[in-house]
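J.:
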Amino acid sequence: MVIQNREIARYFEQIADYLAIQNANPFRIRAYRNAAEAIERWPVELTKCLKEQGSIPKIPGIGKDLNDKIIKLIKGSGIALLDDLKKKIPSTLLEFLDIAGLGPRRVQALWNKGIKTKEELKIAAKEHKLSELKGFGSDLESKILKSIELGEKYQNRFLLDDAWSFCEEIKKYLLVGMPQVQLLVAGSLRRGKETVGDLDLLAISKNKTNILKRLVEFQKCEKVINYGSKKATIQIQGGMQVDLRLIDSNSSGSALLYFTGSKDHNIALRKIAIQHGFKLSEYGLFKGNVNIASKTEKEIYQSLGMNYIEPELREGRGEVESAIRGDLPQLILQSQIKGDLHVHTVASDGHDSIAQMVVKAKRKGYTYLAITDHSKRTRIAGGLNVDAFKKQYEEIDRLNEIYHPFRILKGVEVDILEDGTLDLPDSFLKDTDLTVCSIHEGFSYSSKKQTQRMIKAMDNRYFNILGHPSGRLIGRREPYDYDFEKILRFALERGIYIELNSQPDRLDINDEQSRMAKSFGVPIVISSDAHSAIELDFIEFGIKQARRGWLEKTDVLNTFSFDQLIRKLNSGR
DNA sequence: GCCGTTTTCGGCCCGACTGTTTTCAGTCG
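So in this note's numbering, the last one in the first sequence is 1491, and the numbering has no gaps at all.
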């Protein structure tokens, strides 16, 4: 079994969690977390390194002990330490660490009390048994309950990036030795939904294939849910379900349409079909028994008297009506993005240098990149003070000469403080090329107070872009309360841009908010918020989200040329 | 557990906030 860096990292994170609950040496715990992070970021698969060079490279944060553990994992012999920990500590306790308000100390206290599962925890919280424990109170009880409910809402849903990499891995595995098979991705993953419940794959084959058998024999398959002659469903490690259907090449369009969904979209289409005297199913569009269209999605849409609808729009939100009228938006494409306006470097909490970020940006075909490290308030992220920014900007001047005509912008991600002021003085901000202004603390204010705080911050003339506007972390933290419409109106008045943050666990603002911003005429900036060069690729998730929000090239600031961009940024100042 | 060293032992990111306390532990970022 080929183990990927990501999975090695998961093992180390698990060990760190177990150790934390055990109240082990905090620095030992951190060593495991650091190692996990370093491995996850390592650009080459370690399995491949070991196979080709007989050893794994020297990775900062990985010493002899962890190096040996990695090799053992790759060779499939497991980690004795982890086995021991699993024997001592119930694995269900690890899930507690994802609950807001619970850290290792409180989890340990729960364990001592005999509370080992989420169900037991829920009951104890409801019956106010937790407040009997030292360090627990009634506020904490309700916080825990709320957090468990949020977790249940997202149970068995996966973030877009995880879903994509699972999908790529499975596709690659399935296609080995199957040159006659074509695999299509359908379902919510194709629609680019921010979380994905299961993978829907369609297989088209010119001749008989045993690809279903291959799926159920997948090494990471945990459970075969069903396995017939046309379809197989398995559950893989981690809980994701994979559905594979064999379809006929003559009906590949109708099958793809049907299995891409959404359900609402399909219902809307079938209604239109009925109006035309047709019947639409996964096998094709039929008039009586005559097959009118089934080979491609395009011809089915055409036969129904409408334009082709991109998968991201297929949510039953008026796209069918728009397709009939012929006024669907020309959805934004990744190739139209000219640069990224929110990235971090080693100067704050990023992992790569400015130059490394620039090289990657150039490779992506960008013509500009804004460096936006954290301001001093975000201390954990190594936020910079005015002097540090000035020094960084001198470096940017030098790099701009080297990389000409590529342009590096002097930016900052400046904290919006509790009172609505910005974390850096205007005397400094006026010398920046742009500011991304974000909230990193004070999430629990009332809607009124939060909105006022944001509006006050936006009143600053150097405020360009509102960063990750809702503050949500998908599955972990709800958006804070605020009045988005009010923010949009004020943004429009002040020439402020709204960020669509592409980090897979943020995707903030969401699709509906994007559409709302567009309707208000407020332009969006699609940013990666990359903390390493490789994360510049996260932009594709933001693009997906933007497309789900009906955004076009002209709705997005960073599709404009550098000169136009600078003009637009300065016009508000 | 890693790292660096005036090289084998001492330091490792730390401030704000929350909810618990009544002076602070635990969580969070």
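Every residue gets a Cβ at the ideal spot worked out from N, C-alpha and C, and that includes glycine.
May I ask you to report which of helix, strand or coil DSSP gives I980?
T.: It is coil, neither helix nor strand.
J.: Going by other Cβ atoms of all chains shown within 10 Å of its Cβ, with 16 needed for buried, is H1260 buried or exposed?
T.: Per the 10 Å Cβ criterion, buried.
J.: What alpha helix (DSSP H) runs, 4 residues minimum, are completely inside the region 1036 to 1090?
T.: Runs found: 1036 to 1044, 1056 to 1071.
J.: Helix, strand or coil for G1360, going by three-state DSSP, please let me know.
T.: Residue state, collapsed to three classes: coil.
J.: Can you say whether L1174 is buried or exposed, counting buried as having 16 or more other CB atoms within 10 angstroms of its CB?
T.: Buried: at least 16 other Cβ atoms inside 10 Å.
J.: Which residue marks the beginning of the alpha helix (DSSP H) containing S1437, and which one marks its end?
T.: Run containing S1437: 1429 to 1438, per the alpha helix (DSSP H) assignment.
J.: Just confirm the distance between the C-beta atoms of L1101 and L1119, as a whole number of angstroms; I'd bet it's less than 8 Å.
T.: With 8 Å as the limit, L1101 and L1119 qualify as a contact, their Cβ atoms being about 6 Å apart.
J.: Using the Cβ count rule (16 or more neighbours within 10 Å means buried), how would you classify S1479?
T.: By the neighbour-count rule (16 or more Cβ atoms within 10 Å), S1479 is not buried but exposed.
J.: What's the gap between the Cα of R951 and the Cα of I933?
T.: Cα to Cα, R951 sits roughly 9 Å from I933.
J.: Could you give the uninterrupted runs of the beta strand (DSSP E) lying entirely in the region 1334 to 1408, keeping only those of 3 residues or more?
T.: Taking only runs of at least 3 residues, the beta strand (DSSP E) segments lying wholly in the region 1334 to 1408 are 1352 to 1356.
J.: Leaving out five residues on either side along the sequence, give the residues of the same chain with a beta carbon under 8 Å from the beta carbon of S1432.
T.: Answer for S1432: L1418, I1442, Q1463, A1464, R1466, G1467, W1468, L1469, listed in chain order.
J.: Quick one: what's got a C-beta closer than 6 Å to L1020's C-beta in the same chain, skipping five residues either side?
T.: The residues are F1014.
J.: Where are the alpha helix (DSSP H) runs, 4 residues long or more, that stay fully inside the region 1151 to 1220, in chain order?
T.: As far as the region 1151 to 1220 is concerned, its whole alpha helix (DSSP H) runs of at least 4 residues are 1170 to 1178, 1181 to 1193.
J.: Measure the alpha-carbon distance for P1343 versus F1408 and round it to whole angstroms.
T.: Those two C-alpha atoms are separated by around 22 Å.
J.: DSSP three-state label for Q1100, please.
T.: Correct three-state label for Q1100: strand.
J.: Decide if V1440 is buried, meaning its Cβ has at least 16 other Cβ atoms within 10 Å, or exposed.
T.: Buried, by the Cβ-count rule.
J.: Is DSSP giving E1013 helix, strand or coil here?
T.: Reduced to three states, the DSSP call for E1013 is helix.
J.: Using three-state DSSP, classify S1445 as helix, strand or coil.
T.: Strand, per DSSP.
J.: For E1059, count the other beta carbons within 10 Å of its own beta carbon; 16 or more makes it buried, fewer makes it exposed. Which is it?
T.: E1059 comes out buried.
J.: If you check the beta carbons only, do G1494 and N1476 fall under 7 Å apart?
T.: This structure does not reach residue 1494, given that the chain is present from 919 up to 1491, and the question cannot be answered.
J.: Here's the rule: buried if 16 or more other CB atoms are within 10 angstroms of the residue's CB, otherwise exposed. What is L1251?
T.: Exposed, since its Cβ has fewer than 16 Cβ neighbours within 10 Å.
J.: Could you check which residue in L1003, V1330, M1275 has the C-alpha nearest to that of E1453?
T.: Checking every option, the nearest Cα to that of E1453 belongs to M1275.
J.: Can you tell which of I1357, G1283, D1473, T1353 has its C-alpha closest to the C-alpha of R1295?
T.: Looking at the Cα atoms, I1357 is the closest of the given residues.
J.: Could you give the DSSP three-state label for A1265: helix, strand or coil?
T.: Note: A1265 maps to coil in three-state DSSP.
J.: In whole angstroms, what separates the C-alpha of E1403 from that of S1420?
T.: Cα to Cα, E1403 sits roughly 21 Å from S1420.
J.: Please confirm if the region 1193 to 1209 is in contact with the region 1163 to 1182, defined as three or more CB-CB distances below 8 Å between the two stretches.
T.: Contact holds: three or more Cβ-Cβ distances are below 8 Å.
J.: In whole angstroms, what is the alpha-carbon distance linking I1210 and I1190?
T.: Cα to Cα, the separation comes out at about 15 Å.
J.: Could you work out which residue in A1150, D1161, L1051, L1133 is closest to A1104 when comparing CA atoms only?
T.: Ranking the options by Cα distance to A1104, first place goes to D1161.
J.: Rounded to whole angstroms, how far is the Cβ of L1130 from the Cβ of L1164, which I believe are closer than 8 Å?
T.: Confirmed, about 7 Å.
J.: Whose CA, out of S1253, R1424, M1434, R1491, lies closest to the CA of L1352?
T.: Nearest option by C-alpha distance: R1491.
J.: In whole angstroms, what separates the C-alpha of S1446 from that of F1459?
T.: Near 9 Å, if we compare the C-alpha coordinates of F1459 and S1446.
J.: With respect to the beta strand (DSSP E) encompassing D1118, which residues constitute its N-terminal and C-terminal limits?
T.: First-last of the beta strand (DSSP E) with D1118: 1116 to 1123.
J.: If we ignore side chains and look at the alpha-carbon of each, how far apart do Q1370 and F1054 end up?
T.: Whole-angstrom Cα-Cα distance: 33 Å.
J.: Under three-state DSSP, which class holds I1143?
T.: It is a strand residue.
J.: Going by Cα to Cα distance, which pick from E1331, K1090, T1350 is closest to D1341?
T.: The candidate whose alpha carbon is nearest that of D1341 is E1331.
J.: Identify whether S1293 lies in helix, strand or coil by the three-state DSSP scheme.
T.: Note: S1293 maps to strand in three-state DSSP.
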